[in-house]
Amino acid sequence: MPTTCALCRRIIPDEASADPQAVQEHHLRPEERATSPTVLLCRPCHKQVHAVFTNEELRADYDTIELLQGAARLEEYLSWIRGTEKLDIQVTTSNRVRDRR
Ligand SMILES: [Zn+2]
Ligand SMILES: [Zn+2]
Numbered sequence: 019m020p021t022t023c024a025l026c027r028r029i030i031p032d033e034a035s036a037d038p039q040a041v042q043e044h045h046l047r048p049e050e051r052a053t054s055p056t057v058l059l060c061r062p063c064h065k066q067v068h069a070v071f072t073n074e075e076l077r078a079d080y081d082t083i084e085l086l087q088g089a090a091r092l093e094e095y096l097s098w099i100r101g102t103e104k105l106d107i108q109v110t111t112s113n114r115v116r117d118r119r
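In short: position in the sequence shown from 1, add 18, done, that's our numbering.
In structure tokens, the structure reads:
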């Protein structure tokens, strides 16, 4: 069964699902693994979400998929990724996020 990424809404083809990391579980409330709702994201989306937001920001402001889809910081990425078939990307963590780790 092909999986749909909850964020970019691209369909991950069955061939790609052979790669166990192609689709990843994202905890909408990071660090609350036991109780957090989860969504399935493609690898680029998962990387991107953690590159532009700290876990704190995710918990406070982006703990639903709708909030993530509407996030200004993801807008450019989402319009780009939706036009590609890439299932792996290079992501540079923003300084802002890195400084707070
Ligand atoms: Zn995605
Ligand atoms: Zn995650």
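Glycine included, every Cβ here is placed at the ideal spot set by N, Cα and C.
(request) Give a yes or no on whether the C-beta atoms belonging to ALA24 and VAL57 are separated by under 9 Å. (result) When the beta-carbon positions are compared, ALA24 and VAL57 come within less than 9 Å of each other.
(message) Please list the terminal residues of the continuous alpha helix (DSSP H) segment that includes VAL67.
(response) Unbroken alpha helix (DSSP H) run through VAL67: 61–70.
(request) Using the DSSP secondary-structure output, state which residues sit across from THR22 in a beta bridge. (result) ILE29, per the DSSP bridge assignment.
(request) Go ahead and label PRO62 buried or exposed: buried means 16 or more other beta carbons lie within 10 angstroms of its beta carbon, across all protein chains shown. (result) With 16 or more other Cβ atoms inside 10 Å of its own Cβ, PRO62 counts as buried.
(message) Could you tell me the alpha carbon to alpha carbon distance between PRO20 and ILE83, rounded to whole angstroms?
(response) Distance between the alpha carbons of PRO20 and ILE83: 19 Å.
(request) Between the Cα of PRO55 and those of TYR95, THR22 and LEU76, spot the shortest distance and give me the residue it belongs to. (result) The candidate whose alpha carbon is nearest that of PRO55 is LEU76.
(request) With a cut-off of 7 Å, give the chain-ordered residues whose Cβ is closer than this to any heavy atom of ligand 4. (result) This structure does not include ligand 4; its bound ligands are ligand 1 and ligand 2.
(request) Quick one: measure Cβ to Cβ for HIS64 and GLN42, integer angstroms, because I've assumed they're closer than 8 Å. (result) Approximately 4 Å separates the beta-carbon atoms of HIS64 and GLN42; this is inside 8 Å, confirming the contact.
(message) Just verifying my parser: in three-state terms, what is the DSSP assignment at GLN39?
(response) In this structure, GLN39 counts as coil in the three-state DSSP scheme.
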